[in-house]
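Structure, as C-alpha cells:
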Amino acid sequence: QQQVKQSPQSLIVQKGGISIINCAYENTAFDYFPWYQQFPGKGPALLIAIRPDVSEKKEGRFTISFNKSAKQFSLHIMDSQPGDSATYFCAAQTGSARQLTFGSGTQLTVLP
Amino acid sequence: DARVTQTPRDKVTEMGQEVTMRCQPILGHNTVFWYRQTMMQGLELLAYFRNRAPLDDSGMPKDRFSAEMPDATLATLKIQPSEPRDSAVYFCASGSQGFGELFFGEGSRLTVL
Chain A
487 QQQVKQSPQS
497 LIVQKGGISI
507 INCAYENTAF
517 DYFPWYQQFP
527 GKGPALLIAI
537 RPDVSEKKEG
547 RFTISFNKSA
557 KQFSLHIMDS
567 QPGDSATYFC
577 AAQTGSARQL
587 TFGSGTQLTV
597 LP
Chain B
76 DARVTQTPRD
86 KVTEMGQEVT
96 MRCQPILGHN
106 TVFWYRQTMM
116 QGLELLAYFR
126 NRAPLDDSGM
136 PKDRFSAEMP
146 DATLATLKIQ
156 PSEPRDSAVY
166 FCASGSQGFG
176 ELFFGEGSRL
186 TVL
C-alpha cells in the first residue's frame with residue numbers, strides 16, 4: 487500500500503519558471519513532512535520540511551504548502567535554475583516511528 | 076564535516092554469492108536506516124535501528140537478508156545468497172531520535188549477474 491503518492495513523475499521547466507510537485511498521503515498519523523533532493527550518484531539530502539500545524543513554510547526559493555484537510559502538500563520552486571535539476575522526493579513520518587515513507591520521486595529538469 | 080560513510084560504493088557479483096555492505100553513521104546519531112532504491116520501487120525501507128537495537132525489518136526479505144549493528148559506529152547489511160533482483164542502490168541513513176533530518180550516505184550500487 488503506497489502511503490504517499492507523488493506527482494508528476496517528471497517535470498521540465500524553463501529557467502526562471504516555477505516548478506510544482508504535489509504529494510498526497512493517507513495516514514492521518516503522519517505529522518512531519520520533509521522534502522528530499524537527490525542528485526545523480528548521491529544520496530537524498532533534506533531540502534525543507536514542515537509540521538502540520540502550519541500551512542506554509544518558505545526557505546529561499548523553496549516553499550512547502552500544506553493542506554491538512556485535503557491531506558496534500560506540495561513543493562514550489564520559484565525562479566527555477568538549471569542547478570535545481572534533480573530528483574525530488576516527498577516523505578512523511580509519524581511521531582511514534584522514526585522511519586520515513588517516501589513518495590515515488592519527481593525528476594525535475596530545468597532548461598537553460 | 077560529518078557524513079555517513081558507506082562501503083563499497085560499487086559491487087558487481089554473481090548470483091549466489093554473499094554480499095556485505097557496511098555503513099558508518101554520523102557520530103552521536105542513535106537511529107540508523109537501510110533503504111533500497113530501484114527505478115520500479117523507489118526508496119524502500121529495509122531495516123531500522125535505534126540505539127543499535129533492530130526496531131523494524133519488515134521490509135527486508137528474511138530468508139536472504141540480514142542487518143546488524145555490531146557497535147555504534149558500524150551497521151551492516153548482508154545478502155546471502157544474492158539474486159539478480161537484488162540489484163539496486165542501497166542507502167544507509169542516520170539521524171537523532173525524534174523529528175529532524177536524516178543524513179544519507181552516497182549509497183552502495185549492487186549489481187548481481
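Going down the list, the sequences are from chains A and B.
First residue of the first sequence? That's 487 in the numbering used here, and the numbers climb one at a time after it.
First residue of the second sequence? That's 76 in the numbering used here, and the numbers climb one at a time after it.
For each residue, glycine too, the CB sits at the ideal point set by N, CA and C.
Source: prediction; values computed, not measured.
Legend entry - Close-in-space but distant-in-sequence residues of the same chain around A/E512 (CB under 6 Å, 5 per side omitted): The residue given as residue 512 of chain A occupies position 26 in the first sequence. Counting only Cβ-Cβ distances below 6 Å, and skipping sequence neighbours, we find Q489.
Inset, instruction - Please work out which residues of its chain come closer than 8 Å, Cβ to Cβ, to B/K86, disregarding the five sequence neighbours upstream and downstream, and give them in chain order. - result: Working through the second sequence from its first residue, we reach residue 86 of chain B at position 11. The beta carbon of B/K86 is closer than 8 Å to those of V94, M96, S183, R184, L185 and T186 in its chain, skipping five residues each way along the sequence.
Legend entry - Amino acids of chain B, ordered along the chain, whose beta-carbon sits closer than 7 Å to that of A/F575: Indexing the first sequence from 1 puts residue 575 of chain A at position 89. What A/F575 touches in chain B: L118.
Legend entry - Alpha carbon of B/R160 to alpha carbon of B/R111, nearest angstrom: Locating residue 160 of chain B in the second sequence gives position 85, where the first residue counts as 1. Locating residue 111 of chain B in the second sequence gives position 36, where the first residue counts as 1. Their backbone Cα atoms lie some 12 Å apart in a straight line.
Legend entry - Straight-line gap, B/A128 to B/I101 (C-alpha atoms, nearest Å): Indexing the second sequence from 1 puts residue 128 of chain B at position 53. Indexing the second sequence from 1 puts residue 101 of chain B at position 26. Per the coordinates, the alpha-carbon of B/A128 lies some 17 Å from the alpha-carbon of B/I101.
Legend entry - B/V107 versus A/V540: straight-line alpha-carbon distance, rounded: Within the second sequence, residue 107 of chain B is the residue found at index 32, counting from 1. Within the first sequence, residue 540 of chain A is the residue found at index 54, counting from 1. Each residue's alpha carbon lies about 29 Å from the other.
Inset, instruction - Inspect the CB distances between the stretch 501-519 of chain A and the stretch 152-167 of chain B and report whether three or more fall short of 8 Å. - result: These segments do not touch.
Legend entry - Boundaries of the beta strand (DSSP E) in which A/F525 is found, first to last residue: Along the first sequence, read from residue 1 onward, the residue named residue 525 of chain A stands at position 39. In the DSSP assignment, A/F525 falls outside any beta strand (DSSP E) and carries neither an H nor an E.
Inset, instruction - Just mark A/A515 as buried or exposed, buried being the case when its beta carbon has 16 or more other beta carbons within 10 Å. - result: By 1-based counting over the first sequence, the position of residue 515 of chain A is 29. So A/A515 counts as exposed.
Legend entry - Distance between A/R537 and A/R547 (C-alpha atoms, nearest Å): Mapped onto the first sequence, residue 547 of chain A falls at position 61. Mapped onto the first sequence, residue 537 of chain A falls at position 51. Cα to Cα, the separation comes out at about 19 Å.
Legend entry - Per-residue DSSP class, three states only, for B/G173: Stepping through the second sequence from its first residue, residue 173 of chain B is reached at position 98. DSSP places B/G173 in coil when its eight states are reduced to three.
Legend entry - Any C-beta of chain B under 8 Å from that of A/A531: Your numbering for residue 531 of chain A matches position 45 in the first sequence. Closer than 8 Å: yes.
Legend entry - Spatial distance of A/E542 from A/F552 (CA atoms): Taking the first sequence and counting its residues from 1, one reaches residue 542 of chain A at position 56. Taking the first sequence and counting its residues from 1, one reaches residue 552 of chain A at position 66. Distance between the alpha carbons of A/E542 and A/F552 is about 6 Å.
Legend entry - Sequence-distant residues of its chain with Cβ nearer than 6 Å to A/Q558 (five each side left out): In the first sequence, residue 558 of chain A corresponds to position 72, counting from 1. Taken in chain order, the residues that qualify are A510.
Inset, instruction - Step through the CB atoms of chain A and report whether any lies within less than 8 Å of the CB of B/E176. - result: Counting from 1 along the second sequence, the entry for residue 176 of chain B is found at position 101. Cβ-Cβ to chain A under 8 Å: yes for B/E176.
Inset, instruction - Please report the Cβ distance between B/S157 and B/Q116, rounded to the nearest whole angstrom; I am assuming they are in contact, meaning their Cβ atoms lie under 8 Å. - result: For the purposes of this step, residue 157 of chain B is taken as the residue at position 82 of the second sequence. For the purposes of this step, residue 116 of chain B is taken as the residue at position 41 of the second sequence. Between B/Q116 and B/S157 the Cβ distance is about 17 Å, and since that is not below 8 Å, they are no contact.
Inset, instruction - Report buried or exposed for A/G591, applying the criterion of at least 16 other Cβ atoms within 10 angstroms of its Cβ. - result: Taking the first residue of the first sequence as position 1, residue 591 of chain A is located at position 105. With 16 or more other Cβ atoms within 10 Å, it is buried.
Legend entry - C-alpha distance - A/A531 paired with B/M90, whole-angstrom precision: Stepping through the first sequence from its first residue, residue 531 of chain A is reached at position 45. Stepping through the second sequence from its first residue, residue 90 of chain B is reached at position 15. Rounded to whole angstroms, A/A531 to B/M90 spans 32 Å at the Cα level.
Inset, instruction - Just mark A/I563 as buried or exposed, buried being the case when its beta carbon has 16 or more other beta carbons within 10 Å. - result: Taking the first sequence and counting its residues from 1, one reaches residue 563 of chain A at position 77. That one is buried.
Inset, instruction - State the start and end residues of the unbroken beta strand (DSSP E) segment that holds B/R125. - result: The residue you call residue 125 of chain B lines up with position 50 of the second sequence. That run of the beta strand (DSSP E) goes G117 to R125.
Legend entry - DSSP beta-bridge partners of B/M96: Walking along the second sequence from the start, residue 96 of chain B turns up at place 21. For B/M96, which the question treats as bridged, DSSP gives the partners B/L152.
Inset, instruction - Below 8 Å between beta carbons is the criterion; list the residues of the stretch 162-174 of chain B that meet it against any residue of chain A, in chain order. - result: The residues in question are F166, A168, G170, Q172, G173 and F174.
Inset, instruction - Within its chain, find whatever has a CB closer than 7 Å to the CB of A/S493; leave out the 5 residues flanking it on each side and keep chain order. - result: Along the first sequence, read from residue 1 onward, the residue named residue 493 of chain A stands at position 7. Closer than 7 Å at the Cβ level, and outside the excluded window around A/S493, lie N508.
Inset, instruction - For A/Q487, I'd like the list of residues in its chain whose CB is within less than 7 Å of its CB, leaving aside the five on either flank, ordered along the chain. - result: By one-based count along the first sequence, residue 487 of chain A stands at place 1. Legend: pLDDT at A/Q487 = 46, less than 50; position of this residue unreliable, no value from coordinates given.
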